[in-house]
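Undergrad: The structure that follows is given in the form of structure tokens.
Protein chains: 2
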Amino acid sequence: MIQTIAPRTGTAFRLARGQVLTVIDPQGEQVSDMVAYNADDPEEYLSSGRSIDYASRLFLSTGDILFSNRSRPMLEIGEDRVGRHDFTLTPCSKDTFRILYGDKTPHHGCQGNLEQALKPFGIAPDRITVAFNVFMHVAIDAETGEISVRPPLSKADDFTRFRADMDLIVGLTACSAGQSNNFSYKPIQYRVD
Amino acid sequence: MIQTIAPRTGTAFRLARGQVLTVIDPQGEQVSDMVAYNADDPEEYLSSGRSIDYASRLFLSTGDILFSNRSRPMLEIGEDRVGRHDFTLTPCSKDTFRILYGDKTPHHGCQGNLEQALKPFGIAPDRITVAFNVFMHVAIDAETGEISVRPPLSKADDFTRFRADMDLIVGLTACSAGQSNNFSYKPIQYRVD
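Chains P and V supply the protein sequences, listed in that same order.
1 is the number of the first residue of the first sequence in full-length UniProt numbering; add one for each residue after it.
1 is the number of the first residue of the second sequence in full-length UniProt numbering; add one for each residue after it.
Okay, structure coming up:
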């Protein structure tokens, strides 16, 4: 069954080992920030640093493994209709909108949405680290290191699949940052099989 | 007074707000993994994701601010004789040597050294996230995202300075990974003024 995450909101759910999570971009050009924790011990979390190190690549796609801080496989990327995601940035937050966008009354962002969604699982705000930002297109200048957030490469109904390698708590959003989704806040869909 | 961190070891210490930490590469081509925590509340830690987002740059140098997960300034980079550091990878660990190098009896790496050094401050192993890897030279292919760890650009006695924006616990290593330091394990020096 397909679940819909409304624009600028988020959710969290259990994903059992062996289950497949499909993250779908129903309208195209939308981003979904994903975080994950070992369901039996949430001190073990998705680690960008470990995953990038073991893949020797910043951009991960089909066949790549997302590792935990304890160097254990958490998720493996399956079919990937987009092939470009970000794994360097933290979820957008009140402070992101204040510092980067100069908003006077900033939205609480993906950070706020994940905090609310993860609370019932006993996962504290400080445990939200660098996310696997599904469909997020961050261009890099290899000389200067400058990054620029571009509209995602995803078209309507594109998706990426992830198979769980352990029992997980997964947090997932429909991104709240204009820069990430070409200033058109859209829903995200997902299904678990 | 200059302190020396012996090859393949690490240390941790308090750095008061306003103090300046100078990280020195006495022989050249060595890396020092740095992590930092709010001394009054170690749940607040150095965040690669926040810092890269606010700088809009992967490579940080003079004038750039290293932010915490709570979006507060922790350290500001001062004089920087090298200008190239990494902020995407986690400290090398037993698993790094096992997975990337195929070592049968792997060294415990910067992760192990930081775990030992941070323990007296009550900071647990799972709290060691992506480090600011001083002098680490990670080349990036902007098209494929492939990364390759190159010898640091640092020459003997090059240094980088960091001014503390809050009272901190800082962990610092002389890196244990051959790839990072051109397969010559060397000391790191530092001073606090």
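Every residue gets a Cβ at the ideal spot worked out from N, C-alpha and C, and that includes glycine.
Nearest-angstrom Cα distance between Asp7 of chain V and Phe183 of chain V?
TA: Position 7 of the second sequence, counted from the first residue, corresponds to residue 7 of chain V. Position 183 of the second sequence, counted from the first residue, corresponds to residue 183 of chain V. Correcting the residue type first, residue 7 of chain V is Pro in the shown sequence and not Asp. When rounded, the distance between both Cα atoms is 12 Å.
Undergrad: For residue 198 of chain V, name the three-state secondary structure that DSSP assigns.
TA: Here chain V has residues from 1 to 193 only, and residue 198 of chain V is not among them.
Undergrad: Between the stretch 121-138 of chain V and the stretch 148-155 of chain V, can you find at least three pairs of beta-carbon atoms closer than 8 Å?
TA: yes
Undergrad: Starting from Glu115 of chain V, trace the alpha helix (DSSP H) in both directions and tell me its first and last residue.
TA: Residue 115 of chain V sits at position 115 when you count from the first residue of the second sequence. Segment 109-118, the alpha helix (DSSP H) holding Glu115 of chain V.
Undergrad: Please identify, using Cβ separations under 7 Å, the residues of the stretch 3-14 of chain V that lie next to chain P, in order along the chain.
TA: none
Undergrad: When burial is assigned at 16 or more other CB atoms within 10 Å of the CB, is Tyr101 of chain V buried or exposed?
TA: The count along the second sequence starts at 1 and reaches residue 101 of chain V at position 101. With fewer than 16 other Cβ atoms within 10 Å, it is exposed.
Undergrad: Residue range of the beta strand (DSSP E) that Tyr190 of chain V falls in?
TA: The sequence position of residue 190 of chain V within the second sequence is 190, counting from 1. Its beta strand (DSSP E) spans residues 188-192.
Undergrad: When you check each C-beta in the stretch 124-155 of chain P against every C-beta of chain V, which residues fall closer than 8 Å?
TA: Ala124, Asp126, Ile128, Thr129, Val130, Ala131, Ala139, Ile140, Asp141, Ala142, Thr144, Gly145, Glu146, Ile147, Ser148
Undergrad: Check for me: the beta strand (DSSP E) holding Gly78 of chain P runs from which residue to which?
TA: The sequence position of residue 78 of chain P within the first sequence is 78, counting from 1. Its beta strand (DSSP E) spans residues 73-80.
Undergrad: So the candidates are P:Gln3, P:Met166, P:Asp126, P:Gly178; which of them puts its Cα closest to the Cα of Arg70 of chain V?
TA: Numbered from 1 along the second sequence, position 70 holds the residue referred to as residue 70 of chain V. Of P:Gln3, P:Met166, P:Asp126, P:Gly178, the residue nearest in Cα terms is P:Asp126.
Undergrad: Taking its Cβ as the centre, do 16 or more other Cβ atoms sit within 10 Å of Asp103 of chain P, making it buried, or is it exposed?
TA: Working through the first sequence from its first residue, we reach residue 103 of chain P at position 103. Classification of Asp103 of chain P: exposed, given that the 10 Å Cβ count is below 16.
Undergrad: Taking 7 Å as the threshold (beta carbon to beta carbon), is Gly178 of chain P in contact with chain V?
TA: Position 178 of the first sequence, counting from 1, holds the residue named residue 178 of chain P. Chain V contact via Cβ: absent.
Undergrad: What are the boundary residues of the beta strand (DSSP E) that includes Ser148 of chain P?
TA: Within the first sequence, residue 148 of chain P is the residue found at index 148, counting from 1. Looking at the DSSP string, the run of the beta strand (DSSP E) that includes Ser148 of chain P is 147-150.
Undergrad: Excluding the 5 residues flanking Gly78 of chain P on each side, which residues of the same chain have their C-beta closer than 7 Å to its C-beta?
TA: Here the question's residue 78 of chain P lines up with position 78 in the first sequence. Taken in chain order, the residues that qualify are Val20, Thr62, Arg161, Phe162, Arg163.
Undergrad: Quick one: what does DSSP say Phe162 of chain P is sitting in, helix, strand or coil?
TA: Residue mapping note: residue 162 of chain P aligns to position 162 of the first sequence, counting from 1. In this structure, Phe162 of chain P counts as strand in the three-state DSSP scheme.
Undergrad: Considering only residues of the same chain and omitting the five flanking positions on each side of Thr9 of chain P, which have a CB-CB separation below 8 Å?
TA: Position 9 of the first sequence holds residue 9 of chain P. Beyond the five residues adjoining it in sequence on each side, Thr9 of chain P comes within less than 8 Å, by CB distance, of Asn113, Thr173, Ala174 in the same chain, given in chain order.
Undergrad: Taking Phe59 of chain V as the query, report the chain P residues whose CB atoms sit under 8 Å from its CB, ordered along the chain.
TA: Walking along the second sequence from the start, residue 59 of chain V turns up at place 59. Thr144, Gly145, listed in chain order.
Undergrad: If I'm right that Phe159 of chain P touches Arg81 of chain P with Cβ under 8 Å, what's the distance once you round it to whole angstroms?
TA: Sequence index remark: in the first sequence, residue 159 of chain P carries index 159 (1-based). Sequence index remark: in the first sequence, residue 81 of chain P carries index 81 (1-based). Between Arg81 of chain P and Phe159 of chain P the Cβ distance is about 6 Å, and since that is below 8 Å, they are a contact.
Undergrad: Please return the same chain residues whose Cβ sits closer than 6 Å to the Cβ of residue 195 of chain P, not counting the five positions on each side in sequence.
TA: Beyond the ends of chain P as shown, which are 1 and 193, falls residue 195 of chain P; an answer cannot be given.
Undergrad: Rounded to the nearest angstrom, what separates Gly171 of chain V and Leu89 of chain P at their Cα positions?
TA: As a working note, residue 171 of chain V is residue 171 in the second sequence. As a working note, residue 89 of chain P is residue 89 in the first sequence. Roughly 23 Å separates the two Cα atoms.
Undergrad: Run through the DSSP bridge pairs and tell me what His85 of chain V is partnered with.
TA: The sequence position of residue 85 of chain V within the second sequence is 85, counting from 1. In the DSSP assignment, His85 of chain V forms no beta bridge with any residue.
Undergrad: Return the CA-CA distance between Gly49 of chain P and Ile188 of chain P, expressed in angstroms with no decimal places.
TA: Residue mapping note: residue 49 of chain P aligns to position 49 of the first sequence, counting from 1. Residue mapping note: residue 188 of chain P aligns to position 188 of the first sequence, counting from 1. Whole-angstrom Cα-Cα distance: 26 Å.
Undergrad: Identify which residue in V:Ile147, V:Ser51, V:Thr11 has its Cα closest to the Cα of Phe59 of chain P.
TA: Translated into positions along the first sequence, residue 59 of chain P becomes position 59. Measuring from the Cα of Phe59 of chain P, the nearest candidate turns out to be V:Ile147.
Undergrad: Leaving out five residues on either side along the sequence, give the residues of the same chain with a beta carbon under 6 Å from the beta carbon of Leu15 of chain V.
TA: Looking up residue 15 of chain V in the second sequence gives position 15. Excluding positions up to five away in sequence, the list reads Leu21, Ala164, Leu168, Val170.
Undergrad: Does Ser51 of chain V pass the burial test, meaning 16 or more other C-beta atoms within 10 Å, or should it be called exposed?
TA: The residue given as residue 51 of chain V occupies position 51 in the second sequence. So Ser51 of chain V ends up on the buried side.
Undergrad: Considering only the beta carbon of each residue, do Ser176 of chain P and Gly109 of chain P sit closer than 7 Å?
TA: Indexing the first sequence from 1 puts residue 176 of chain P at position 176. Indexing the first sequence from 1 puts residue 109 of chain P at position 109. Against a cut-off of 7 Å, the Cβ pair of Gly109 of chain P and Ser176 of chain P comes out as a contact.
Undergrad: Tell whether a beta-carbon distance below 7 Å holds between Glu44 of chain P and Ser68 of chain P.
TA: Here residue 44 of chain P is taken as the residue at index 44 of the first sequence, counted from 1. Here residue 68 of chain P is taken as the residue at index 68 of the first sequence, counted from 1. A contact, by the Cβ cut-off of 7 Å.
Undergrad: In terms of alpha-carbon separation, which member of P:Gly28, P:Glu29, P:Met34, P:Asp40 lies closest to Ala117 of chain P?
TA: By one-based count along the first sequence, residue 117 of chain P stands at place 117. Cα-wise, what sits closest to Ala117 of chain P is P:Met34.
Undergrad: With a threshold of 6 Å on Cβ separation, who are the neighbours of Glu115 of chain P within its own chain once the five nearest residues in sequence on each side are excluded?
TA: Position 115 of the first sequence, counted from the first residue, corresponds to residue 115 of chain P. So the qualifying residues of the chain are Pro125.
Undergrad: Pull up the DSSP beta-bridge partners for Ala139 of chain P, would you.
TA: Sequence index remark: in the first sequence, residue 139 of chain P carries index 139 (1-based). DSSP output for Ala139 of chain P lists P:Ser148 as bridge partner(s).
Undergrad: Along the chain, where does the beta strand (DSSP E) containing Phe97 of chain P start, and where does it finish?
TA: Within the first sequence, the letter at position 97 stands for residue 97 of chain P. Element bounds for Phe97 of chain P: not the beta strand (DSSP E) but the alpha helix (DSSP H), 94-101.
Undergrad: Give the straight-line distance between the Cα atoms of Tyr185 of chain P and Asp25 of chain P, rounded to the nearest whole angstrom.
TA: Taking the first sequence and counting its residues from 1, one reaches residue 185 of chain P at position 185. Taking the first sequence and counting its residues from 1, one reaches residue 25 of chain P at position 25. Distance between the alpha carbons of Tyr185 of chain P and Asp25 of chain P: 12 Å.
Undergrad: In the DSSP assignment, what residue or residues form a beta bridge with Phe132 of chain P?
TA: Taking the first sequence and counting its residues from 1, one reaches residue 132 of chain P at position 132. For Phe132 of chain P, which the question treats as bridged, DSSP gives the partners P:Met34.
Undergrad: Just list the residues that DSSP pairs Gly28 of chain V with in beta bridges.
TA: Sequence index remark: in the second sequence, residue 28 of chain V carries index 28 (1-based). DSSP lists V:Lys155 as partners of Gly28 of chain V.
Undergrad: At a CB-CB cut-off below 9 Å, which residues of chain P make contact with Gly49 of chain V?
TA: Residue 49 of chain V sits at position 49 when you count from the first residue of the second sequence. Correct list: Ser48, Thr88, Leu89, Thr90, Pro91, Thr129, Val130, Ala131.
Undergrad: Using a cut-off of 9 Å between C-beta atoms, extract the partners of Thr105 of chain V located in chain P.
TA: Position 105 of the second sequence, counting from 1, holds the residue named residue 105 of chain V. The premise fails here: Thr105 of chain V is roughly 17 Å from chain P at the closest Cβ pair, so nothing lies under 9 Å.
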